[in-house]
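Before any comments, here is the structure.
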Ligand SMILES: NC(=O)c1ccc[n+]([C@@H]2O[C@H](COP(=O)([O-])OP(=O)(O)OC[C@H]3O[C@@H](n4cnc5c(N)ncnc54)[C@H](O)[C@@H]3O)[C@@H](O)[C@H]2O)c1
Ligand SMILES: NC(=O)c1ccc[n+]([C@@H]2O[C@H](COP(=O)([O-])OP(=O)(O)OC[C@H]3O[C@@H](n4cnc5c(N)ncnc54)[C@H](O)[C@@H]3O)[C@@H](O)[C@H]2O)c1
Ligand SMILES: NC(=O)c1ccc[n+]([C@@H]2O[C@H](COP(=O)([O-])OP(=O)(O)OC[C@H]3O[C@@H](n4cnc5c(N)ncnc54)[C@H](O)[C@@H]3O)[C@@H](O)[C@H]2O)c1
Ligand SMILES: NC(=O)c1ccc[n+]([C@@H]2O[C@H](COP(=O)([O-])OP(=O)(O)OC[C@H]3O[C@@H](n4cnc5c(N)ncnc54)[C@H](O)[C@@H]3O)[C@@H](O)[C@H]2O)c1
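Protein chains in written order, with the working numbering: chain F, 31 to 341; chain H, 31 to 341; chain C, 31 to 341; chain X, 31 to 341.
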């Protein structure tokens, strides 16, 4: 089990620390364009190795130390700035990706690529086009974290462990993401049992607020600490574990749509089954008509951006 | 199992992330003087909770949310700057500690205090004087990390897992720290079997270089990335685990000397047995005469600094 | 965190081995009426301790070493024989429990009692009556294992990880247990989307077979190896983890019914929220009319047995 | 990571349960000559899978499901009876091994074989001869468990965690095994600092009793519970972890001697470095003259037995 992380900023480092502590790889290669800082980070991480299950940690590139890696995690890019929309980052990041991916295609042709850089749905789609990889092996972290935030907020409001709350955020990882209220449940008890329109208006307000908190979580954190890192580090670790342990777990990762809900040729998040081959299968949920419309809207927004890009 | 971390800079955050992932506490309270940034960090950390064993994570102070904590970890302070000696940080940090410790004494009178701020031996001693706590309950992270670095470098040179290398760094966590070559061994085989003076000079050079790399590791990392954080986060987690799991493990933490090797009334690191009561016992090693002299020298250096302080 | 296991037969030992490996307690006391065999088991278990996180393991009784335990797990009793119905075991086991529980009441008055002996619903109810404990602190392992078997079989048929299958077995742990098809889903997709009666008859047969396999699993295993032990050991560990980590997870444990679905004064399994205080809350599921009738039938069967007992 | 266990009696099952809980393999195949009981055990184990990290668990043989396994663990054989010496079991077990190993050679030609059946040193040597495998890939569990028992008893007497006690049992896993007092230490402090002959006679008695308790532990447990299983299950798991995680740990496994201490062409335990290739290296300890004599004696005893066998 060999992994590479490309881009060791706040996010890449949180991923690396979490992946090492949780012992996900036998070998982990870290690649960045700032070699001196990276060398310092690797010294720091490696001095902690005697306290945990050891991983063979190396500074390097996919072209050499990272050759034939099983998973390539890309967090390179430019962090979202306060107030900046996720989509505005895109042109800068596409160019960085083109350089990085040329080597991934050459030296890790059988790898699964896990895209974390924002806007993650666009970057995932771009990665697919640039590499020509089969769509099962290009995965975006998508709304895995948003789904976790959603469950976590619902759980908190209800005084329940988040693992007993079943609810999804799908669509774009961004402003148009969709909360699937129609199937959200706590241990089998639906949160919205008789349709959104039959909720009292204070109930609607209460639940809407939770959705908005989920959607705006990144903005709120960036406003306070300048970037987000720890939660996405743990979300990425969770996706990696589903892959390396071949658990066939269902996660709302971003991937290529092929007609479901009338959406195709764009990447966005819906629940997908993940195993050691990447995306094994996409789950066909019965959405409410309203939810389906919102999801299609999310797809349209992403398509509008994507077609403006030269890839 | 309730913990508090005071000071959520680079080091405090690396401790928090590692302690959460490794599920060391049921409840963890984070305290800092920069409330907005802290709020952002806690939001970020807590959104990752659905991916790991949950800990009840709170923003607060020892005086309120942290009341009656079992362990108070203090990493508040000013980071070592490039080129700055660890000892020059001291006056600034003592003043910060005075304020913090007044509340710890009042609201967590039975806690174990784990001092991480530098210069850690001086800060540990100061904490002991300021709080009046029994010496078993004031522990400095000391040379736990240096010992790990030492084992890790030796292991690397010999192609062995670090857990099979047994060797200690004792004394000051700093320039006068002492490598105990006389008992260093790999699975029972001594590294210096017949005394340092009977080594060939190239062997001496080789081993001396390892010692210097250990001693200067922090400087080298700070030069590259500005501070150190991940390894000390894992070392701190390891000490916390020895306490909360009451494992009676031996760790080279800093604590009060009471006459062993002719050293007393100063804090420095020698192997100590740690359990849920704190320091249970100090291990009386048979040092070589040279090692004993170096340890006494380390004590003298620390005493010279300590007596210049008003506490 | 202190636990006691009473009854170290096949089941108790599987619980002990799993609880030790998964490091659930700081202190674990094992009590049985066969002291010599127990002494051998404890020697064997304790020699394995250097390979795992250490637990303080002791031979003893609730009256002495086990005093003030947090959790008392009772697996004492007589194993189910080939062909024997779970309910026929009851009289023998009630008498054993009376002796055991007198000491639990006296020496562990604040403990949570986790009943595993069969017939587990009856034994849980008997424990409640004999001890006079509040119903939150008397928990039967109930259909936690049946629910896991159900998920595991569904997952296997669908090629999905069991953790993404959400489905419950409720009611009696035994022949009248009820599969909740109406809410069973895989990542949000209902397995029976339009009611049982709208399934094709081969679909009904296919799903019925899964239910029968779940219900008869214990019989099948007992026929082959004489008893069941490993799975119930892991299920018990899972319940213990929910308690000691205060996770507020939802588990189908057995507990006292107080009117929900028109059922009261009997113990059976429905989803309940568990934390360090025991049963925190009972989940009010919307059952289909058919499911509700089956659950009431399960309750009636248990009541008929219970009223024949002198407690 | 694929493993096979051959022989699912008390020992094989304890190994399987521990290996599953500790998530050591992706795929685990269980082979035995009693298919019905084995089927029951596998049903029982697999129903517990939803509570732990899943392993693909199968009933089968090395010739089919187990093909190309990385590690083959052999615990088939006849358990030691009360009062029976380990060496008297040998003829019966050799014959069982011949059949088993023919298939291992054919279908898992690159596997590491981990021999657990007793007398383990003889069975390891026989396995080496029968298979013609390189000596690095034939490992006996040897005195790994005896060493753990030794550390555990020393730790208990001294009120220290076993992980801080460094001491070895080497030689035959049996009556002639050797305690290496000359290097035994607690955190660097020697237990016998100035030679055995300079101990007071009550100190000698005290330490001798610990050695005898280690040597006779299996007999004592077998007398009480009929066989030993849990500790050897955990010891075996520990060896497997050293292999699959390629940790380069030092363990006192049994393996072929090639001249060290004047001993060759026999298998016995001395500290060896283990990684994913098997035995990487043998540690050359400086023994006291008395310890060296005892080890040579152990070798002679094993040779005398081995030469009586037809292999
Ligand atoms: N998917 C999510 O949920 C999520 C959450 C948080 C952040 N992000 C995204 O992750 C990305 C990284 O965020 P960050 O906070 O770590 O940013 P950062 O600026 O701290 O780090 C970016 C790193 O990428 C490196 N880099 C730039 N070009 C490179 C190249 N060609 N090759 C290798 N490395 C290169 C930089 O040197 C830097 O170390 C951003 O795009 C951000 O928006 C995504
Ligand atoms: N023991 C070791 O081996 C070791 C290793 C690395 C760093 N350190 C030491 O750890 C300390 C922290 O280093 P860092 O890199 O995290 O520094 P940092 O500057 O990033 O963080 C210090 C934090 O302390 C906070 N703080 C200051 N005064 C406070 C007060 N009165 N109450 C609460 N919080 C307060 C600051 O707001 C800041 O968040 C330094 O003293 C450093 O030298 C020790
Ligand atoms: N709830 C479930 O899902 C489930 C699953 C499997 C087994 N079980 C039940 O668990 C119980 C134990 O099964 P087993 O296979 O371990 O049986 P077993 O016969 O192997 O063990 C029973 C143990 O209880 C001990 N014991 C008897 N009276 C005692 C007393 N007064 N005090 C202390 N110990 C006493 C016996 O000495 C023996 O060691 C049975 O009732 C069985 O039906 C429940
Ligand atoms: N190395 C150690 O420290 C240590 C410790 C305990 C036991 N042991 C040894 O482990 C072995 C097993 O002990 P146990 O208590 O599990 O015995 P057991 O009798 O319970 O189990 C032996 C199993 O081997 C199976 N078996 C027999 N022939 C077989 C064949 N040809 N193919 C496949 N399976 C076959 C049997 O069906 C049975 O299930 C014994 O040799 C025992 O002495 C070693």
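By construction, the Cβ of each residue, glycine as well, lies at the ideal position given by its N, Cα and C atoms.
With a threshold of 8 Å between beta carbons, residue 267(F) makes no contact with chain C. For residue 93(C), the three-state secondary structure derived from DSSP is coil. Under the three-state reduction of DSSP, residue 279(C) is assigned to strand. Cβ-Cβ separation between residue 154(H) and residue 127(H): approximately 10 Å, too far for a contact (criterion under 8 Å). If you draw a 10 Å sphere on the C-beta of residue 202(X), you find 16 or more other C-beta atoms in it, and that means buried. Membership of residue 335(H) in the alpha helix (DSSP H) is indicated by the continuous run 319-337. The DSSP-derived three-state label of residue 111(C) is coil. Put simply, the CB of residue 336(X) is far from chain C, with every gap to its CB atoms at 8 Å or more. In the three-state reduction of the DSSP assignment, residue 148(F) falls in the coil class. Within the segment 45-58 of chain C, contact with chain H at the beta-carbon level (separation under 7 Å) is assigned to 56.
Excluding the 5 residues flanking it on each side, residue 150(H) has same chain C-beta neighbours closer than 7 Å at 170, 171, 172, 203 and 284, in chain order. The beta carbon of residue 283(X) sits no closer than 7 Å to any heavy atom of ligand 4. Taking a Cβ-Cβ threshold of 8 Å, none of the residues of chain C is close to residue 228(H); the smallest such distance is about 35 Å. Chain-order list of chain C residues neighbouring residue 264(X): 78, 81 and 82, by C-beta distance under 7 Å. Counting along the chain, the unbroken beta strand (DSSP E) around residue 297(F) starts and ends at 294-299. Residue pairing for residue 247(C): DSSP places it in no beta bridge. In chain order, 83 make up the part of chain F whose C-beta sits under 7 Å from the C-beta of residue 275(X). Among the bridge pairs identified by DSSP, residue 284(H) is matched with 170(H) and 299(H). Under the 10 Å beta carbon count, residue 271(H) is surrounded by 16 or more other beta carbons and is classified as buried. Residue contact with chain C for residue 175(X): present (Cβ-Cβ distance below 8 Å to some residue of chain C). Think of a sphere of 9 Å around the beta carbon of residue 179(C): no beta carbon from chain F falls inside it, the nearest being about 18 Å out. For residue 198(F), no CB of chain H lies under 8 Å from its own CB, so it is not counted at the interface with that chain.
Leaving aside the five residues that flank residue 332(C) on each side, the residues in its chain whose CB is nearer than 7 Å to its CB run, in chain order, 151, 152, 202, 296 and 298. Across the structure, residue 145(H) and residue 101(H) are spaced so that their CA atoms are roughly 10 Å apart.
For residue 40(F), no beta strand (DSSP E) segment is defined; the enclosing uninterrupted segment is the alpha helix (DSSP H) at 40-51. If you check the CB distance, residue 85(X) and residue 56(X) come in under 8 Å. Using a CB distance cut-off of 8 Å, residue 259(X) counts as an interface residue toward chain C.
Listed along the chain, the chain X residues whose CB falls inside 8 Å of the CB of residue 75(C) are 260 and 261. Residues of chain F with a Cβ closer than 7 Å to the Cβ of residue 66(H) are, in chain order, 254. About 4 Å separates the Cβ atoms of residue 166(X) and residue 308(X), confirming a contact at the 8 Å cut-off.
With distances taken between CA atoms, residue 216(X) lies nearest to 185(X) out of 246(X), 185(X) and 232(X). Membership of residue 126(H) in the alpha helix (DSSP H) is indicated by the continuous run 120-137.
Beta-bridge annotation (DSSP): residue 234(X) is not paired with any residue. Taking residue 210(C) as reference, the option from 254(C), 316(C) and 273(C) with the minimal CA-CA separation is 316(C). Residue burial annotation: residue 191(F) is buried, with at least 16 other C-beta atoms found within 10 angstroms of its C-beta.
Straight-line spacing of the CA atoms in residue 133(F) and residue 69(F) works out to 21 Å.
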